[in-house]
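What follows is one structure encoded as structure tokens, with my remarks underneath.
In our numbering, the protein residues as written are 592 to 700.
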């Protein structure tokens, strides 16, 4: 099965998606939501691409390299945005994003 060779990537993608979803929700609870708008936007984008790539890896997509490249870029951008904020949820999300971006780059041929 193709998904078994991608197990590490699938785990990192899932962790990143969960961290982004948590960060997104927590950002909406912050006092200055407007200040968090870009972080929220990036969290949604990142969670969506991680979920899509996870599904693609599990289903044996022929576009793994292309999708992984896009995912790495989006995860990196999300991590950079989250790093701008001192909130614990943002810092944890940034870490998950950077770890996922690193794993995604291993899939780019």
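Don't be surprised by glycine CBs; every beta carbon is placed ideally from N, CA and C.
Subject >> Cα-Cα separation, residue 619 to residue 642 >> reply: Here residue 619 refers to the residue found at position 28 of the chain shown. Here residue 642 refers to the residue found at position 51 of the chain shown. Each residue's Cα considered, the two are about 21 Å apart.
**OP:** With a 10 Å radius around its C-beta and 16 neighbouring C-beta atoms as the bar for buried, classify residue 627 as buried or exposed.
**Re:** Counting from 1 along the chain shown, the entry for residue 627 is found at position 36. Buried is the call here.
Original post:
Secondary structure at residue 697, three-state DSSP: helix, strand or coil?
Top reply: Translated into positions along the chain shown, residue 697 becomes position 106. Reduced to three states, the DSSP call for residue 697 is coil.
**OP:** Count the other CB atoms, across all protein chains shown, that sit within 10 Å of the CB of residue 700; report buried if there are 16 or more and exposed otherwise.
**Re:** Looking up residue 700 in the chain shown gives position 109. Looking at its Cβ environment, which holds fewer than 16 other Cβ atoms inside 10 Å, residue 700 is exposed.
Subject >> Touch test, the region 594-603 against the region 623-639, Cβ-Cβ under 8 Å, three pairs minimum >> reply: Here the region 594-603 does not lie against the region 623-639, with fewer than 3 beta-carbon pairs under 8 Å apart.
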